[in-house]
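Trainee: My structure is below; once you've seen it, I'll send some questions.
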DNA sequence: CTTGATACTT
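In this note's numbering, the protein residues as written are 8 to 568.
In C-alpha cells:
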C-alpha cells in the first residue's frame, strides 16, 4: 500500500523520500520491533522534516499510528508543524487531541502557534486559556517563553485584542519572561500594531538585550504612528541594520508621501553596499518612482531587477506595471505584463487601471474580459478601474450593467468609490438627472468626490438649474463633514457665484482649516518638474498655460463638448 | 527530544 500511494504523489523529489520509506520498511523487517523503535523514530522524524507534500505527511502519520508512536513528542510535534505548513488546521487539532495523555507545553505551543498565523487567532487564545487551567494542576503544561511569544503575536494579528495582550504582558513580567528577546520583540510589535508607541518604547527601554528585530520594530512604530524624523532618530542609532530595517524606513517615507526621501534612503542603502534590496523594498521604491513620475529611476530599478535575476514575483510585476503606467509609458507597462508568467489578480488589475488611466478604456475592458475568461475573480479595486475605463471610453451601458451586477456576479457590494464611478460615468455622458437620482437612492452617504463629479458635469453641460437643486439638496442633507467647505465653494464656483465662493474661503481660513494643494510631478529629460494646483511658480508657466489652452480647445472641438 | 519575534503597494 505504501508503495502504491507514494508512487501516486508524483514529483521528482519523492524518489529520494520514497527510498527513505523503503529503508524504514526494510529496517522494520530486518530487526526485532523492540530494537528498531528508536531508529524508527529517528528515521520517521527525518522523513517528516523533509516531507514535501501533504500526501507524504499523511503516509508518515499512518506509520506513526501503525507503529504505536503516537506518544513521541518529537514526532507529534513535527507532524503538527507539517500539517500547519500545509494549512491543515483540522488535522493539527486532531493530532493534538489524540495525544494519549496531557500534552506537554511544547505541543500546546505548536498548536497555539498554528492558529496564531491564521485568521482564527481567537482559537490560539482559547487554547492558551485552556492551557492555563491545566497548568494550574499539572506542571507539565505550564506556559513558557514560547507560549507567550505566540499568544502575543496572535493578539497583534486581530485588531481587538489589546486587553488580552496586556494581560499576557502582565503574566510575562510575573514569570520573568520579560528578559527574553523574542517575547520582548513580540510585545514591542504588538504595541506598535495598536499605535501604543509609548508602551512600545517603554518595553524597548526595559529590555536587557535587544537585537535588530527589536530596533526595527521600534522604527516601524515611529514610522507608522509618529513622524519620520522620530523614526530616523531611532534608525541612525541602530547598531546593525538588515533588509527589513531599510524596508521599514522606505515604506514609511512612501506612507508619508515623502517620495524623494524614500528614493534617497534607497540610494543610501545601496551605497552602504553590504545588503541586497529585497522584494518589499523594490515594491516601495517603485511606488515612490510612480508618484514622482521618476521614469529614469524606475527604469534603472527595472534594469537592476533583471540584471540581478530577482525573481519577477507578481508583486514586483504589479509595481513595475503601475510605475510605467503612472510615468506615462503604457507600452512598457504592457510589455512587463506580457513578460510576466505568473499573473494574478493584482497584475491584471494594475494593467487594467493603467490602460484606463491612459484613456484606453476599450482595451482595458478587453483585458478585463480576458481576465474573467482565465477564471480570475475581480476585487473591489479591479472594479473601480473597470468602471473608470467604461467612463473614459464612453461605454455607458456596459458600465451601468457592470455596476448593477457586481453583487450577483462576484459577490462585491458597491462601495462609495464604485458609486463615484457610476456618477462620473452618467455625468460625463450628460445624463445628469439620472446621476442625481442615483445619488439620492444610494444607501451610502455621498461624499465630496461624488458631488464634485456631478457638479463639474453640470458646469460642462451648462446646467445651472440642476446645480442649484444640488446646492439645496446638500444644504438640506446637512453634509458638512470632511470636505464640505470645499464642496460648497466648488458648487458656487461652478455657478459663477464668486461672492459666495469668497465668503466660504474666508470662513475656512478663520477656522484654521488649511488644506494642502494638489500636486503632481513629471520627469522630462531627467529633470523632475513639480506643479501645484493654481501654480504660478514654474519658470515656463506662461508657455505651459498657453499650450494647455490649445489642448483644451482641441479637446472641445474633437469631443464635441 | 523541539517550537519563537520584524517587511510591501495598488
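Quick reminder that beta carbons are idealized off the backbone N, C-alpha and C, glycines included. Please read these numbers as outputs of a predicted model, since none were measured by experiment.
Taking the alpha helix (DSSP H) that residue 162 falls in, what are its first and last residues?
Mentor: Note, residue 162: alpha helix (DSSP H), 152 to 164.
Trainee: Can you grab the Cα-Cα spacing for the pair residue 398 / residue 361, in whole Å?
Mentor: The alpha-carbon atoms of residue 398 and residue 361 are separated by roughly 14 Å.
Trainee: By alpha-carbon positions, which one of 422, 188 and 444 ends up nearest to residue 215?
Mentor: Among 422, 188 and 444, the Cα nearest to that of residue 215 is on 188.
Trainee: Can you have a look at residue 478 and say buried or exposed, based on whether 16 or more other CB atoms are within 10 angstroms of its CB?
Mentor: With 16 or more other Cβ atoms within 10 Å, it is buried.
Trainee: Classify residue 300 as buried or exposed, calling it buried when 16 or more other Cβ atoms lie within 10 Å of its own Cβ.
Mentor: Per the 10 Å Cβ criterion, buried.
Trainee: For residue 249, which of 285, 237, 267 and 260 has the nearest alpha-carbon?
Mentor: Nearest option by C-alpha distance: 285.
Trainee: So, helix, strand or coil for residue 323, using DSSP?
Mentor: In the structure shown, residue 323 sits in a helix (DSSP, three-state: H, G or I).
Trainee: Would you tell me roughly how many angstroms separate the C-alpha atoms of residue 453 and residue 432, rounded to the nearest one?
Mentor: For residue 453 and residue 432, the distance between alpha carbons rounds to 16 Å.
Trainee: Near residue 556, which residues of its chain fall below 7 Å by C-beta distance, leaving aside the five closest residues on each side in sequence?
Mentor: Once the five neighbours on either side are set aside, residue 556 has no close Cβ partner at all.
Trainee: When you compare the CB positions of residue 223 and residue 193, do they come within less than 8 Å of one another, or not?
Mentor: Contact: no.
Trainee: Look up residue 569 in the DSSP assignment and say whether it is helix, strand or coil.
Mentor: This structure cannot settle anything about residue 569, because the visible part of the chain is limited to 8 through 568.
Trainee: Could you please give the first and the last residue of the uninterrupted alpha helix (DSSP H) stretch that includes residue 364?
Mentor: Counting along the chain, the alpha helix (DSSP H) containing residue 364 begins and ends at 352 to 364.
Trainee: Below 8 Å on the Cβ atoms is my guess for residue 409 versus residue 386; work out the distance and round it to an integer in Å.
Mentor: Incorrect: roughly 14 Å between the Cβ atoms, too far for contact.
Trainee: Classify residue 334 as helix, strand or coil using the three-state DSSP reduction.
Mentor: Coil.
Trainee: Looking only at its own chain, which residues have a Cβ that is under 6 Å from the Cβ of residue 263, when we skip the five neighbours before and after it?
Mentor: Same-chain partners within the cutoff: 235.
Trainee: DSSP three-state label for residue 36, please.
Mentor: Note that residue 36 has pLDDT 48, beneath the 50 cutoff, so the model's placement of it is unreliable and the number below is only indicative. In the structure shown, residue 36 sits in a helix (DSSP, three-state: H, G or I).
Trainee: Taking Cβ positions, are residue 351 and residue 321 nearer each other than 8 Å?
Mentor: Cβ distance < 8 Å, so residue 351 and residue 321 count as in contact.
Trainee: So, helix, strand or coil for residue 190, using DSSP?
Mentor: Looking at residue 190 - three-state DSSP - the assignment turns out to be helix.
Trainee: Residue 430 and residue 446 - do their beta-carbons sit closer together than 8 Å?
Mentor: Closer than 8 Å, so yes.
Trainee: My understanding is that residue 82 touches residue 71, with C-beta atoms under 8 Å, so please give their C-beta distance in whole angstroms.
Mentor: The Cβ separation is near 6 Å, so the contact holds.
Trainee: Checking 8 Å against the spacing of the C-beta atoms, do residue 151 and residue 112 come in under that value?
Mentor: The answer is yes: Cβ separation under 8 Å.
Trainee: With DSSP collapsed to three states, give me the class of residue 391.
Mentor: DSSP places residue 391 in helix when its eight states are reduced to three.
Trainee: If we ignore side chains and look at the alpha-carbon of each, how far apart do residue 161 and residue 197 end up?
Mentor: Rounded to whole angstroms, residue 161 to residue 197 spans 9 Å at the Cα level.
Trainee: Rounding to the nearest angstrom, what Cα-Cα distance links residue 335 and residue 293 in this structure?
Mentor: C-alpha separation (whole angstroms): 14 Å.
Trainee: Of all the beta strand (DSSP E) runs that stay within the bounds of the stretch 371 to 425, which reach a length of 3 or more residues?
Mentor: The qualifying runs do not exist here; there are none.
Trainee: Cutting at 8 Å between CB atoms, please list the residues of its own chain near residue 333, excluding the five before and the five after it.
Mentor: Excluding positions up to five away in sequence, the list reads 297, 298, 300, 361 and 364.
Trainee: Do you know how far the Cα of residue 57 is from the Cα of residue 50?
Mentor: Spanning the two alpha carbons is a distance of roughly 11 Å.
Trainee: Short check: CB of residue 172 to CB of residue 159, under 8 Å?
Mentor: Result yes, Cβ atoms of residue 172 and residue 159 sit closer than 8 Å.
Trainee: Please say whether residue 226 and residue 252 have beta carbons closer to each other than 8 Å?
Mentor: For residue 252 and residue 226, yes; Cβs fall inside 8 Å.
Trainee: Only counting the same chain, and skipping five residues up and downstream in sequence, which positions put a Cβ closer than 7 Å to that of residue 457?
Mentor: Same-chain partners within the cutoff: 426, 427, 430 and 446.
Trainee: Could you tell me the boundaries of the alpha helix (DSSP H) in which residue 306 lies?
Mentor: From DSSP, the alpha helix (DSSP H) with residue 306 extends over 302 to 314.
Trainee: Give the range of the alpha helix (DSSP H) segment to which residue 123 is assigned.
Mentor: Note, residue 123: alpha helix (DSSP H), 112 to 123.
Trainee: What does the alpha-carbon distance come out to for the pair residue 131 and residue 54?
Mentor: Answer to the nearest angstrom: the Cα atoms are 28 Å apart.
Trainee: In the DSSP assignment, the alpha helix (DSSP H) including residue 266 goes from what residue to what residue?
Mentor: First-last of the alpha helix (DSSP H) with residue 266: 266 to 279.
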